[in-house]
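The structure under discussion appears below in the form of structure tokens.
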Amino acid sequence: MISRFGKYLLVMKNVFRRPDKFRVYWKQLIIEINNLGIESLGIVSIISVFMGAVVAIQTAYNIDSPLIPISMVGFTTRQSVILEFSPTIISLILAGKVGSRIASEIGTMRVTEQIDALEIMGINPANYLIFPKVSAAMIINPIIIIISMGFGLMGGYLVAVVTGLFTTQDYIIGLRGWFDSFTIVYALIKTVVFAFLITSIAGFEGYAVKGGAIAVGEASTRAVVWSSIMIILFNLILTQLLLS
Amino acid sequence: MIEAKNISKSFGDNHVLKNITSRFEKGKTNLIIGQSGSGKTVFMKCLVGLHEVDDGSVLFDGRNFSDMDFNERKEIRKEIGMLFQGGALFDSLTVEENVMFPLTMYTDKSTEEKRDRVNFCLKRVNLENVNHLYPAEISGGMVKRVAIARAISMNPEYLFCDEPNSGLDPYTSGVIDELIQDLTREFQITTVVNTHDMNSVIKIGDTISYLYKGELWWEGTNSEILHSSNKELNDFVFGTELTKRLKDK
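Chains as they are written, first to last, in the working numbering: chain L, 72 to 315; chain R, 2 to 250.
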């Protein structure tokens, strides 16, 4: 495992070099923002709405003391969605969707000698292939997570409208009460770190593929597993550092 | 001219290349032949720097490639074109974008100039009206030709071809062989071809290096190879039923 981490660092050293041609890099960046970000918006929106709705329902059912105002549903939904569900759970979902895509794409390029072809041309393949993906995810994921937060909170609101468990007024009072803007900053910092972990680990796993189709499949699985583990680990570390 | 001097390469305890010294001349189609597992591909990868040699050096017109760092090698790599076994075309790009790729990365030509060059290269490999197609939409032979077009788009000094005929029918193989030989002579390229196809050996082998178990076993031309007394070489050359019958006649 230590040797693999060393290899990861060596690949990252090549990833974070000056791009061979900036015009080509910008073009790649825009393509990756679309591939990794915009194309994930659908699934992120759906999951966020349902996630927010479930948190609101669970909170409403658990408030049985008359001393706790029902507006706590809005407050709890907001805190849960902003602090944890949107940045962490959505990042875990993106680790599956985006991570496997990156690892299999780059892995297939490795086994079909496309990476060798880049190298023969004198292009730094790690930089050309992985850097646009890492930077695209670090740019677009915070935007996706903010959209996810919006959809999550809307999910809670829909619960109020559809079920009548609490009023929309109570929900909005809760949403607006005791708001600390640092929670957003905290969520976005986590998102950027998770975006880096997902894309760099997946990029490395794809880049390091040796063999054929089976190796590509294994790399894809490893990319998802390791990026998920790292997200969970860094979630703990960042929470301790930023909120304690 | 490319020179390989005392090249050795091992993977763990497996000594794949043992002290190989050879030279590949300009304007000639230089073939590396040998059985599967003889070290041909590793040797070619050592020549182009995809594998680092354990010992020895590779010289491109006197420039010691083995001692160079990534940036120094980059200058020589701009002079290298390579045709990979499977073509190695970028499957997210069209034929035109594939051939244009080196030009985009290394020149400041306008799109029109680049397109002209792409069309010239595609025409040179007898391909037209395929610019908008993706690699998955063209045949194996066409993939090889597009790969050749990409390899020559930057007017290379050196052309490397790794088993250019693999997976192709005999007729298409012949077309690819002729194309490689024509381009080599027309543009005075130093071409190195890795093959175990005897048709290619006879047809285009200006110089031939036979590798056997990681050693350079025999060197000569295509007219000499059929009359060699080297047992291992004869076993390889006359290994097929067809060549055996021809020899018996």
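Every residue, glycine too, gets a C-beta built ideally from N, C-alpha and C.
- Task: Compute the distance between the beta-carbons of F267 (chain L) and V82 (chain L), then report whether it is under 8 angstroms.
- Result: Start at 1 with the first residue of the first sequence, and residue 267 (chain L) comes out as number 196. Start at 1 with the first residue of the first sequence, and residue 82 (chain L) comes out as number 11. Going by C-beta atoms, F267 (chain L) is not nearer than 8 angstroms to V82 (chain L).
- Message: With the cut-off set at 8 angstroms, would you say N223 (chain R) and G206 (chain R) are in Cβ contact?
- Response: Your numbering for residue 223 (chain R) matches position 222 in the second sequence. Your numbering for residue 206 (chain R) matches position 205 in the second sequence. Yes.
- Cβ of F222 (chain L) within 8 angstroms of Cβ of G123 (chain L)? One-based indexing of the first sequence puts residue 222 (chain L) at position 151. One-based indexing of the first sequence puts residue 123 (chain L) at position 52. Going by C-beta atoms, F222 (chain L) is nearer than 8 angstroms to G123 (chain L).
- Message: When you compare the CB positions of V59 (chain R) and A148 (chain R), do they come within less than 8 angstroms of one another, or not?
- Response: In the second sequence, residue 59 (chain R) corresponds to position 58, counting from 1. In the second sequence, residue 148 (chain R) corresponds to position 147, counting from 1. Not closer than 8 angstroms, so no.
- Item | Residues near I164 (chain L) in its chain [Cβ-Cβ closer than 8 angstroms; skip 5 each side] | Reading the first sequence from its first residue, position 93 is the one you call residue 164 (chain L). Closer than 8 angstroms at Cβ, skipping near neighbours: I114, V115, I118.
- What is the DSSP secondary structure of W218 (chain R), reduced to helix, strand or coil? Locating residue 218 (chain R) in the second sequence gives position 217, where the first residue counts as 1. W218 (chain R): strand per DSSP, three-state reduction.
- Residues from the stretch 40-64 of chain R in contact with chain L, defined by Cβ distance under 7 angstroms: V49, L51
- Item | Bridge partners - R64 (chain R), DSSP secondary structure assignment | Taking the second sequence and counting its residues from 1, the one referred to as residue 64 (chain R) is at position 63. Paired residues: R:F61.
- Query: So, are the CB atoms of I255 (chain L) and I104 (chain L) less than 8 angstroms apart?
  - Reply: The residue given as residue 255 (chain L) occupies position 184 in the first sequence. The residue given as residue 104 (chain L) occupies position 33 in the first sequence. Taking 8 angstroms as the Cβ cut-off, I255 (chain L) and I104 (chain L) do not qualify as a contacting pair.
- What residues from chain L crowd round P103 (chain R), counting only those whose CB sits closer than 7 angstroms? What you label residue 103 (chain R) is simply residue 102 of the second sequence in a count that begins at 1. Residues of chain L passing the Cβ test: M192.
- Message: To the nearest angstrom, how far is the alpha carbon of R149 (chain L) from that of I141 (chain L)?
- Response: Against the first sequence, residue 149 (chain L) aligns to sequence position 78. Against the first sequence, residue 141 (chain L) aligns to sequence position 70. C-alpha separation (whole angstroms): 14 angstroms.
- Pairwise C-alpha distance: Y257 (chain L) and Q311 (chain L): Indexing the first sequence from 1 puts residue 311 (chain L) at position 240. Indexing the first sequence from 1 puts residue 257 (chain L) at position 186. Their Cα atoms are separated by approximately 11 angstroms.
- Query: Between A152 (chain R) and M83 (chain R), what straight-line distance do the alpha-carbon atoms span, to the nearest angstrom?
  - Reply: On the second sequence, residue 152 (chain R) is found 151 positions in, with the first residue counted as 1. On the second sequence, residue 83 (chain R) is found 82 positions in, with the first residue counted as 1. So the two alpha carbons sit approximately 5 angstroms from each other.
- Message: Does the CB of A150 (chain R) have a neighbour CB from chain L at under 8 angstroms?
- Response: By one-based count along the second sequence, residue 150 (chain R) stands at place 149. No, because no Cβ of chain L sits closer than 8 angstroms to the Cβ of A150 (chain R).
- Spell out the partners DSSP gives V193 (chain R) in its beta bridges. Along the second sequence, read from residue 1 onward, the residue named residue 193 (chain R) stands at position 192. Note: V193 (chain R) sits in a beta bridge opposite R:N31, R:F161.
- Task: Go ahead and pull the three-state DSSP assignment for G170 (chain L).
- Result: Sequence index remark: in the first sequence, residue 170 (chain L) carries index 99 (1-based). G170 (chain L): helix per DSSP, three-state reduction.
- For chain R, is any of its Cβ atoms less than 8 angstroms away from the one on R233 (chain L)? The sequence position of residue 233 (chain L) within the first sequence is 162, counting from 1. For the record, residue 233 (chain L) in the displayed sequence is Val; it is not Arg. By this cut-off, V233 (chain L) is not an interface position.
- Report the rounded CA-to-CA distance for S9 (chain R) versus M69 (chain R), giving the unit in angstroms. Along the second sequence, read from residue 1 onward, the residue named residue 9 (chain R) stands at position 8. Along the second sequence, read from residue 1 onward, the residue named residue 69 (chain R) stands at position 68. Between S9 (chain R) and M69 (chain R), the C-alpha separation is close to 18 angstroms.
- Starting from A152 (chain R) and walking both ways along the alpha helix (DSSP H), at which residues does that stretch end? Here residue 152 (chain R) refers to the residue found at position 151 when the second sequence is read from its first residue. It spans 141-153 - the alpha helix (DSSP H) in which A152 (chain R) sits, taken as one unbroken run.
- Would you identify the three-state DSSP class for F28 (chain L), choosing helix, strand or coil? In the structure as shown, chain L starts at 72 and stops at 315, and residue 28 (chain L) therefore has no counterpart that could be examined.
- Query: When Cβ atoms are compared, which residues of the stretch 168-188 of chain L fall closer than 7 angstroms to chain R?
  - Reply: T183, E184, Q185, D187, A188
- Query: What is the rounded straight-line gap between the Cα of T159 (chain L) and the Cα of E73 (chain R)?
  - Reply: Within the first sequence, numbered from 1, the residue matching residue 159 (chain L) stands at position 88. Within the second sequence, numbered from 1, the residue matching residue 73 (chain R) stands at position 72. Taking the straight line from one Cα to the other gives about 44 angstroms.
- Item | Amino acids of chain L, ordered along the chain, whose beta-carbon sits closer than 9 angstroms to that of M69 (chain R) | Reading the second sequence from its first residue, position 68 is the one you call residue 69 (chain R). Going along chain L, no residue has its Cβ under 9 angstroms from M69 (chain R), so there is no contact; the nearest lies around 11 angstroms.
- Item | Bridge partners - S9 (chain R), DSSP secondary structure assignment | What you label residue 9 (chain R) is simply residue 8 of the second sequence in a count that begins at 1. Looking at the DSSP assignment, S9 (chain R) forms a beta bridge with R:D56.
- Message: Which complete alpha helix (DSSP H) runs does the stretch 246-312 of chain L hold, if anything under 4 residues is left out?
- Response: 253-278
- Item | Three-state secondary structure assigned by DSSP to T1 (chain R) | The question about residue 1 (chain R) has no answer here: the residues shown for chain R are numbered 2 through 250.
- Message: If we define contact as Cβ-Cβ less than 8 angstroms, is V287 (chain L) a contact residue for chain C?
- Response: Among the protein chains of the structure shown, namely L and R, there is no chain C.
- Segment limits, alpha helix (DSSP H) that includes M83 (chain R): Numbered from 1 along the second sequence, position 82 holds the residue referred to as residue 83 (chain R). First-last for M83 (chain R): 81-84, but that is the beta strand (DSSP E), not the alpha helix (DSSP H).
- Go through its chain and collect everything with a Cβ distance to F91 (chain R)'s Cβ below 6 angstroms, but skip five positions before and after it. In the second sequence, residue 91 (chain R) corresponds to position 90, counting from 1. Same-chain partners within the cutoff: N99.
- Message: So, at 6 angstroms on beta carbons, what are the nonlocal neighbours of D91 (chain L) in its own chain, with the 5 sequence-adjacent residues on each side left out?
- Response: Counting from one through the first sequence, the residue named residue 91 (chain L) turns up at place 20. I194, listed in sequence order.
- Item | Cβ-based neighbour list, K261 (chain L), same chain, cut-off 6 angstroms, excluding 5 preceding and 5 following | As a position in the first sequence, residue 261 (chain L) is number 190, starting the count at 1. Around K261 (chain L): P158, L309.
- Task: Find the residues of chain R that neighbour K84 (chain L), judging by a C-beta separation of less than 7 angstroms, and give them in chain order.
- Result: Stepping through the first sequence from its first residue, residue 84 (chain L) is reached at position 13. Ordered by position in chain R, no residue passes the 7 angstroms Cβ test against K84 (chain L), which lies about 11 angstroms from the chain.
- Inter-stretch contact (C-beta, 8 angstroms, three-pair minimum) for the stretch 229-241 of chain L and the stretch 124-143 of chain L: yes
- Query: Counting only beta-carbon atoms, is K204 (chain L) nearer than 8 angstroms to chain R?
  - Reply: Position 133 of the first sequence, counting from 1, holds the residue named residue 204 (chain L). No, K204 (chain L) lies away from the interface with chain R (no Cβ there is under 8 angstroms from its Cβ).
- Query: Quick one: is L32 (chain R) buried, meaning 16 or more other Cβ sit within 10 Å of its Cβ, or exposed?
  - Reply: Numbered from 1 along the second sequence, position 31 holds the residue referred to as residue 32 (chain R). Result: buried.
- Query: Looking at the unbroken alpha helix (DSSP H) that takes in L189 (chain L), where does it start and where does it end?
  - Reply: Against the first sequence, residue 189 (chain L) aligns to sequence position 118. Taken as a continuous stretch (DSSP letters only), the alpha helix (DSSP H) holding L189 (chain L) covers 185-191.
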